[in-house]
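Only one structure is covered here, and it is reproduced in the block below.
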Amino acid sequence: MNLDQRADFYVTNFSGEYNTLYEQQSAGTWKDSTAKKGLIANVLPMVGFGTVAADYDNNGLPELFVSNGNVDTYVADETTNEPVLQTQPVQLFELNSALQYTSIQSQQTDDYMRQRHFGRGVWTWDVNRDGRVDTGVTHQTEAVAVLVNHSETTNHWIELQLVGVKSARDAIGSRVTLHDQGFDRVGWVTAGDGYLCSSERVVRFGIGKSSSPCRITISWPDGSTQALEELSLDARWQIVQGNAPHRLD
1 MNLDQRADFY VTNFSGEYNT LYEQQSAGTW KDSTAKKGLI ANVLPMVGFG
51 TVAADYDNNG LPELFVSNGN VDTYVADETT NEPVLQTQPV QLFELNSALQ
101 YTSIQSQQTD DYMRQRHFGR GVWTWDVNRD GRVDTGVTHQ TEAVAVLVNH
151 SETTNHWIEL QLVGVKSARD AIGSRVTLHD QGFDRVGWVT AGDGYLCSSE
201 RVVRFGIGKS SSPCRITISW PDGSTQALEE LSLDARWQIV QGNAPHRLD
């Protein structure tokens with residue numbers, strides 16, 4: 001989440017405890033960087049559940065989406081003793097160029113984003129294959145929400161669908177490095193995402209304004225590596241281990 005090519009963790013917690021961002025310092029060691037990144041005050045009243053980091057505007061910086069909702073449907077008001085519905089809003093944080101997170105919840109116009117829910121699981125996939133990552137949210141008391149991304153952006157992107165041969169077919173554990181104008185970024189194929197969810201097993205990179213074909217290196221779980229040159233942008237590529245990439249249009 002800080003673009004240093006090492007895997008970090010964002011762990012949701014109960015109200016009164018802040019959700020915790022653990023940034024990896026070296027192999028096997030992590031540091032609580034929540035305060036440093038500006039992620040404490042907004043989350044303290046919330047009961048956090050599912051969360052994902054995703055680049056919703058393809059500018060190369062991941063946003064942070066969090067679903068919230070108490071475990072109790074009603075709690076008695078401390079003054080009147082009347083039952084109070086314990087729904088809570090989802091939260092969306094933006095990572096700026098200084099690598100600080102700020103809330104952009106007030107900028108959202110969709111009814112779902114402005115309402116309160118008993119949010120639970122969160123996952124991502126590109127439901128309409130337009131290169132803008134979409135989000136699904138499960139709830140305790142309402143149907144699944146499919147949030148289609150309509151961000152107004154001209155930024156470029158690339159999606160990589162990996163298929164193992166000597167490695168497991170689903171390629172879980174693969175590490176993908178994007179070499180972009182002297183700056184490397186890393187994505188992983190993972191088995192699960194947050195609370196009772198698994199996102200689409202596609203590695204996505206927002207590229208920003210650059211339109212040049214990109215170079216990719218894949219570290220497969222069996223220890224082998226595969227380098228790919230001149231992959232065109234604004235496309236999903238299927239990469240079968242050891243084979244030439246195939247563009248999925």
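Sequential numbering from 1 applies to the sequence shown in UniProt numbering.
C-beta: ideal position from N, C-alpha, C; glycine also.
Ranked by how close their Cα comes to the Cα of T190, the residues G69, P245, D8 have D8 in first place.
It is roughly 27 angstroms from the alpha-carbon of T109 to the alpha-carbon of Y74. Here M1 is near L64, since their CB atoms are less than 9 angstroms apart. DSSP links A171 through a beta bridge to no other residue. Straight-line spacing of the CA atoms in P89 and E229 works out to 43 angstroms. Where Y112 is concerned, there is no enclosing beta strand (DSSP E), although the alpha helix (DSSP H) around it starts and stops at 111-114.
Excluding five sequence positions before and after D77, the CB atoms of its chain that fall closer than 8 angstroms to its own CB belong to P83, V84, given in chain order. When C-alpha distances from W30 are compared across A41, I40, V11, P45, the shortest belongs to V11.
Note on A35: under 16 other CB atoms within 10 angstroms of its CB, so exposed under the neighbour-count rule. Beyond the five residues adjoining it in sequence on each side, P221 comes within less than 8 angstroms, by CB distance, of G164, S167, A168, A171, I172, G173, S174 in the same chain, given in chain order. Per DSSP, the unbroken beta strand (DSSP E) holding E63 starts and ends at 63-68.
With a cutoff of 9 angstroms on beta-carbon distance, G119 and H139 are scored as near each other. In this structure I158 is in contact with A235, their Cβ atoms being roughly 7 angstroms apart against a cut-off of 8 angstroms. Counting of Cβ neighbours within 10 angstroms places V43 among the buried residues, the total reaching 16 or more. Beta bridge pairing from DSSP links T79 with no other residue.
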